[in-house]
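Reviewing the structure listed below.
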Amino acid sequence: MADIEIVEQRPLSLIEVKESLSLHKEKFKELNFRSQKVEGYVQDFAAVDKDKAIELEKKLSEAVQKLKERHIKKIIDVMPADLNQVKTIFTGEAINLKQEELKQIVDIVNG
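The sequence shown begins at 3 in the numbering used here and counts up one residue at a time.
Structure, rendered in structure tokens:
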């Protein structure tokens, strides 16, 4: 089996995965079985378009500077409607957000 070298590792939002799959599909004309499954999932669950995702990413990173890139991507994927959904996203994470920061996240996502 060939050795695989990981060149870069970074979090992707569902919309970025969708875009990447589209580019791959254009280049190779079709997707393999696993990529087709991922494409179906992304079609069903990607909640926003690319422009909205970029806008949300910028607003969230400016408003709550404690958030890491992976947190922001997950917020954009889930699009939490209330504080409980935001808290669920951060379950198991080593990040301490104040109630006002959680509310800011909800306001930005739903604004």
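Note that beta-carbon positions come from the ideal geometry of N, C-alpha and C, so glycine has one too.
Quantities reported herein were computed from a predicted structural model and do not represent experimental measurements.
Selected residue, minimal CA-CA separation from residue i, among the options
| i | options | result |
| --- | --- | --- |
| F92 | D109, K68 and I110 | K68 |
| N112 | K54, F30 and K20 | K54 |
| D79 | F35, S37 and I56 | I56 |
| E64 | N98, K89, Q38 and E103 | E103 |
Beta-carbon spacing of residue i, residue j below 8 angstroms
| i | j | result |
| --- | --- | --- |
| E59 | I74 | yes |
| I77 | A48 | no |
| L14 | L23 | no |
| L62 | I110 | yes |
| A85 | K70 | For the sequence presented, residue 85 should be read as Leu rather than Ala. Taking 8 angstroms as the Cβ cut-off, L85 and K70 do not qualify as a contacting pair. |
| V40 | V66 | no |
Limits of the alpha helix (DSSP H) - the one that residue i falls within
| i | result |
| --- | --- |
| D46 | F35 to F47 |
| A55 | K52 to A65 |
| L84 | Reading the sequence as shown, one finds Asp at residue 84 and not Leu. Segment: none, D84 is in no alpha helix (DSSP H) and carries neither H nor E. |
| F92 | Neither: F92 is in no alpha helix (DSSP H) and is coded neither H nor E. |
| S15 | Unbroken run through S15: none, as it is neither H nor E. |
| E103 | Q101 to N112 |
8 angstroms contact criterion, which residue i and residue j should meet: CB distance rounded
| i | j | result |
| --- | --- | --- |
| F82 | V108 | Before going on, a small fix: residue 82 reads as Pro here, not Phe. So it is a contact: roughly 6 angstroms between Cβ atoms. |
| K52 | E21 | 7 angstroms |
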